[in-house]
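Using my numbering, the first residue of the sequence shown is number 168, and each one after it goes up by one. In this text, a Cβ means the ideal position worked out from N, Cα and C, and glycines have one as well. As structure tokens, the structure follows; a few thoughts come after it.
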Amino acid sequence: MTAILERFEELHPNSLRLHRRAADVFPNGVTHDIRYFTPFPLYMERAQGSRKWDVDGNEIIDFVMGHGALLLGHNERSVQAAVAAQLQHGTHYGASHEAEIEWGLRVKQLIPSAESLRFTSSGTEATMMAVRLARGYTGRSTVVRFSQNFHGWNDIMVGAPDREGVHPHAFGIPDESLANVVVVPQNDPETLRQTLKEEDVAAVILEPTGAHFGEIPLDPAMLPLLRETTTAAGAVLIFDEVITGFRASPGGVQAATGITPDLTTMAKILAGGLPGGAVAGSREIVSLIEFGAGDRGEFGSRIPHPGTYNANPLSAAAGVAALDRVATGEPHRHANALSRDLVVRLNDVLRAAGAAGCAYAHTSMFHIVLGAECPAPVDGFDWDWQGRPGDRVPRTAADVVWALRRGMLNERVDLMGSGGMVSSAHSQEDIDHTVQAFERTILQIQNEGLL
Ligand SMILES: Cc1ncc(COP(=O)(O)O)c(C=O)c1O
Numbered sequence: 168m169t170a171i172l173e174r175f176e177e178l179h180p181n182s183l184r185l186h187r188r189a190a191d192v193f194p195n196g197v198t199h200d201i202r203y204f205t206p207f208p209l210y211m212e213r214a215q216g217s218r219k220w221d222v223d224g225n226e227i228i229d230f231v232m233g234h235g236a237l238l239l240g241h242n243e244r245s246v247q248a249a250v251a252a253q254l255q256h257g258t259h260y261g262a263s264h265e266a267e268i269e270w271g272l273r274v275k276q277l278i279p280s281a282e283s284l285r286f287t288s289s290g291t292e293a294t295m296m297a298v299r300l301a302r303g304y305t306g307r308s309t310v311v312r313f314s315q316n317f318h319g320w321n322d323i324m325v326g327a328p329d330r331e332g333v334h335p336h337a338f339g340i341p342d343e344s345l346a347n348v349v350v351v352p353q354n355d356p357e358t359l360r361q362t363l364k365e366e367d368v369a370a371v372i373l374e375p376t377g378a379h380f381g382e383i384p385l386d387p388a389m390l391p392l393l394r395e396t397t398t399a400a401g402a403v404l405i406f407d408e409v410i411t412g413f414r415a416s417p418g419g420v421q422a423a424t425g426i427t428p429d430l431t432t433m434a435k436i437l438a439g440g441l442p443g444g445a446v447a448g449s450r451e452i453v454s455l456i457e458f459g460a461g462d463r464g465e466f467g468s469r470i471p472h473p474g475t476y477n478a479n480p481l482s483a484a485a486g487v488a489a490l491d492r493v494a495t496g497e498p499h500r501h502a503n504a505l506s507r508d509l510v511v512r513l514n515d516v517l518r519a520a521g522a523a524g525c526a527y528a529h530t531s532m533f534h535i536v537l538g539a540e541c542p543a544p545v546d547g548f549d550w551d552w553q554g555r556p557g558d559r560v561p562r563t564a565a566d567v568v569w570a571l572r573r574g575m576l577n578e579r580v581d582l583m584g585s586g587g588m589v590s591s592a593h594s595q596e597d598i599d600h601t602v603q604a605f606e607r608t609i610l611q612i613q614n615e616g617l618l
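As structure tokens, this is what we get:
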């Protein structure tokens, strides 16, 4: 057994005990794909601010941050108070309530494309609804998405059918469900133009910072091009801002870049760490949900939208409190500055260790590549996209990612994959600790011959 693995098992006996129980209950013993961990995942007991504590008493600096939902950190005071107050009044009225209006108004104030919106229970539901609205609105079927961009797990968002109609990577999904999905490289203007010309495209959907919240960065020149070409083709442009909404800026990527999509999908920070999503956009499109819409539209009936937990009072209360903090821009200033410091110093560590790789970030979302040559980061921080078309981003080998994650957990730092999210609750001390933890972990990975 490697030294990193041995230490991991030594530090986490109670997690191993719980995992043995869970293995009999859940596939792989986990309840979300990205919580899958070998040799076993850690079990948490509580969380506060930038930290969480596991069942073995380890105090861990958290960069998973509720899978990106917690821009304000764990248990932020105003969110906690709002949820506690709402609990006194009930968790579900099965009826309309004022907090949902307050919540919706804040989304409208922050997100430029949001003339009208509907709340959903998750990001997956939001992307499903956005595509349905686009197809209903245009009367067309084809959906274009960018390779490796993630939009949840509904049928048409999984797998990668190629231009010849072969769908090799969508186990459990009939080919017919993917027949109208075209996946194109994200940084390839020509293929995009060609696809919009050849196909009757209802919608183009993308993560507007690039696949996996910028792990494969989108060439910034693609956004204006997307706006221009989708408008010309009569296709609906959908920004999936489930992660970037309220994080890339208070108004998401669209407020930061001035490029306004027709529809936007949101979740995570939207609901302050509680379950919730939304689809927002032009009133003309979103109003296809309205009763009576079928009488107006050219293409048939309205689009139904039930959902037991849509705009539930607890999520609404948390969302209102969180978006009030988001609106100040202060959480972003703090988190972005720490993210920049972290990334610059992680690159220093790699350079000093003579290890191939790099760290880079977009605002508070950071990524680490190990064991591969990277293009020079601009200002030690972001990628230089000049002359780098296509999606060729260096990848870290899977065994190195595991070694990194286990090694960092041994040092009491939890990464999300090989990157993470900085929150407004993180401190300079957290960043200093993380850099030192990284330095020690890189050395161990090198000692194990993986780097
Ligand atoms: C960009 C993006 N879209 C959609 C989703 C799906 O959201 P949910 O997990 O709430 O269904 C995610 C989840 O991480 C996401 O990152």
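By the rule of a C-beta closer than 6 Å to any heavy atom of ligand 1, the residues picked out are HIS234, SER289, GLY290, THR291, THR294, PHE317, HIS318, GLY319, GLU374, ASP407, VAL409, ILE410, ALA434 and GLY444. Only residues of its own chain outside the window of five on either side were considered, and among them ILE228, ASP229, GLY240, HIS241, SER590, ALA592, HIS593, SER594 and ASP597 have a CB closer than 8 Å to the CB of SER217, listed in chain order. For GLN215, the enclosing beta strand (DSSP E) has its first and last residue at 211 to 215. DSSP lists GLY444 as the bridge partner or partners of THR287. Put simply, the backbone Cα of ARG244 is about 38 Å away from that of ARG562. CA-CA distance, ALA478 to PHE413, rounds to 18 Å. Taking a cut-off of 8 Å on C-beta distances, the stretch 246 to 261 does not touch the stretch 401 to 416, as fewer than three cross pairs fall below it. In the displayed model, LEU617 falls within coil according to three-state DSSP, outside both helix and strand. Closest by C-alpha distance to THR305, out of PRO180, ASP429 and ALA520, is ASP429. Going by DSSP, LEU178 is part of the alpha helix (DSSP H) stretching over 170 to 178. Taking a C-beta distance under 7 Å as the contact criterion, LEU537 and VAL560 do not qualify as a contact pair. DSSP places MET232 outside both helix and strand once states are collapsed to three, so it counts as coil. Residue ranges of uninterrupted beta strand (DSSP E) with 3 or more members, entirely inside the stretch 359 to 427 and ordered along the chain, are 368 to 373 and 403 to 407.
Fewer than three beta-carbon pairs drawn from the stretch 418 to 429 and the stretch 339 to 351 are found closer than 8 Å, and the two stretches are therefore not classed as touching. In the three-state DSSP reduction, ASP191 falls in the coil class, being neither helix nor strand. C-alpha of ASN354 to C-alpha of GLY196: approximately 37 Å in a straight line. For GLY586, the beta-bridge partners assigned by DSSP are HIS534 and MET583. Separation of SER182 and ARG573 (C-alpha to C-alpha, rounded to the nearest whole angstrom) is 14 Å.
Pairing ASN321 with THR291 gives a Cβ-Cβ distance under 7 Å. Secondary structure of LEU490 (DSSP, three-state): helix. Under a 10 Å Cβ-count criterion, SER468 is classified as exposed, with fewer than 16 other Cβ atoms of the shown protein chains found around its own Cβ.
Taking PRO279 as reference, the option from ALA447, ALA388 and SER454 with the minimal CA-CA separation is ALA447. Restricting attention to beta strand (DSSP E) runs no shorter than 3 residues, the stretch 232 to 256 encloses none. Only exposed fits GLU497, as fewer than 16 other CB atoms lie within 10 angstroms of its CB. Note that the stretch 306 to 320 does not touch the stretch 471 to 486; fewer than 3 beta-carbon pairs, one per stretch, sit closer than 8 Å.
For a cut-off of 8 Å, the C-beta gap from HIS529 to PRO384 is around 7 Å, short enough to register as a contact.
In terms of Cα proximity to ALA570, the closest of THR601, GLU615, ASP491 and SER308 is GLU615.
Linking LEU618 to VAL222 through their CA atoms gives a straight-line distance of about 31 Å. Under the DSSP definition of a beta bridge, ASP221 partners with MET211. In the three-state DSSP reduction, ILE436 falls in the helix class (H, G or I). DSSP places VAL516 in the uninterrupted alpha helix (DSSP H) bounded by 497 to 520. Burial check for LYS219: the Cβ neighbour count within 10 Å reaches 16 or more, so the residue is buried. Cα atoms of VAL516 and GLU177: separation of roughly 27 Å, rounded to the nearest angstrom. Only residues of its own chain outside the window of five on either side were considered, and among them ARG307 and THR309 have a CB closer than 6 Å to the CB of ASP367, listed in chain order.
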